[in-house]
Structures are given as structure tokens and as C-alpha cells.
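In my numbering, the protein residues as written are 2 to 115.
For each residue, glycine too, the CB sits at the ideal point set by N, CA and C.
To keep things clear, I will list the structure first and then write my remarks on it.
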Amino acid sequence: MTNPRDCSITLCPVKDVLHKVGDKWSIFVMMALGAEKTLRFNELKNLIDGISQKMLTVTVRDLEAFGLVDRKIYPQIPPKVEYTITQKGEEFLQHLVVLLDWACRHSTKEKIKD
Numbered sequence: 002m003t004n005p006r007d008c009s010i011t012l013c014p015v016k017d018v019l020h021k022v023g024d025k026w027s028i029f030v031m032m033a034l035g036a037e038k039t040l041r042f043n044e045l046k047n048l049i050d051g052i053s054q055k056m057l058t059v060t061v062r063d064l065e066a067f068g069l070v071d072r073k074i075y076p077q078i079p080p081k082v083e084y085t086i087t088q089k090g091e092e093f094l095q096h097l098v099v100l101l102d103w104a105c106r107h108s109t110k111e112k113i114k115d
């Protein structure tokens, strides 16, 4: 594990990763694809409560550009597009699962003390 002191704030690779996947929807897209492996656009949309079609489009395109998601277009009518996690995405997902596990264990809402 890297020592946090070895990473300057301005040069830290984590900053770049958070810029790519630190938005509101990327983690949910990765979780959905990680659970199902391959999903069509509407299947993915139905698994993520509250995401608009536009935001899902932007999010999967960004994840594809970052190399975490692969998009396969089938030449048929109506068009068929499937999304899968890449090898890089699988690697990222392993670390994401650890973070999600930690969040679940520590997310109990504490009562406000008077």
C-alpha cells in the first residue's frame, strides 16, 4: 500500500481517478455492470434509480473513454448496444467493492444528541 505522504496533492493519481469516476452516477453504473456483467442500455437504466437517459449516456461514454466500460454495437434494426466491464474495470471494481463494504459497515445514521 502506498504511503499517503508519498503522494502530493497536485500530482496524486487518485485525483485523476476521482475526476473520472467521482461523479454522482459512475459508481452506480460500475456496480450494476459488475453484478450483471453485460447489460443493454435500458436494462442498465432500470437498475439505477433516478438516472436520466442523458446522464446515463454521458456516464457510460465517460467510463468507456476511461477504459472501464466497453460498448458493443450490433448492426441490426432496432439497434442493439451492450455494455460490459473491461479488464481495467474489473480491477477497479475489486477496489470499489472494498470501499462499498466499508461504507455499508460505517453508514449507520447516528442519532443527534441534544
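Express the C-alpha separation of residue j and residue i in angstroms, rounding to a whole number.
i, j, result
"His96", "Leu69", "13 Å"
"Asn47", "Glu37", "13 Å"
"Leu94", "Lys21", "14 Å"
"Asp102", "Met32", "12 Å"
"Arg62", "Val99", "25 Å"
"Asp115", "Ser108", "Bear in mind that the predicted position of Asp115 carries a pLDDT of just 41, short of 50, making it unreliable; the figure below should be weighed with that in mind. In a straight line, the C-alpha of Asp115 is about 21 Å away from that of Ser108."
Would you say residue i and residue j are within 9 Å of each other, going by their C-beta atoms?
i, j, result
"Leu34", "Tyr84", "yes"
"Ile52", "Asp71", "no"
"Gly90", "Leu64", "yes"
So, for residue i: in the same chain, excluding its five sequence neighbours on each side, which residues have a beta-carbon less than 7 Å away from its beta-carbon?
i, result
"Met56", "Trp26"
Tell me which same chain residues have a C-beta within less than 8 Å of the C-beta of residue i, skipping the five on either side of it?
i, result
"Thr79", "According to the sequence as given, residue 79 is Pro; it is not Thr. Here the set comprises nothing."
"Thr39", "Glu83, Tyr84 and Thr85"
"Cys105", "none"
"Lys112", "In this prediction, Lys112 has a pLDDT of 43, which is less than 50 and means its spatial position is unreliable; nothing more can be read from the coordinates."
"Thr60", "Asp24, Trp26, Ser27, Val30 and Ile52"
"Glu44", "Glu37"
Below 8 Å on the Cβ atoms is my contact criterion, and I expect residue i with residue j to pass it. Report the Cβ-Cβ distance as a whole number of Å.
i, j, result
"Phe29", "Ile49", "5 Å"
Secondary structure at residue i, three-state DSSP: helix, strand or coil?
i, result
"Asp17", "helix"
"Leu69", "coil"
"Lys38", "coil"
"Ile78", "coil"
"Ile28", "helix"
"Thr87", "coil"
"His96", "helix"
"Asp50", "coil"
Got a sec? Which residues, its chain only, sit under 6 Å from residue i by beta carbon, not counting five neighbours each side?
i, result
"Phe42", "Val82"
"Val15", "none"
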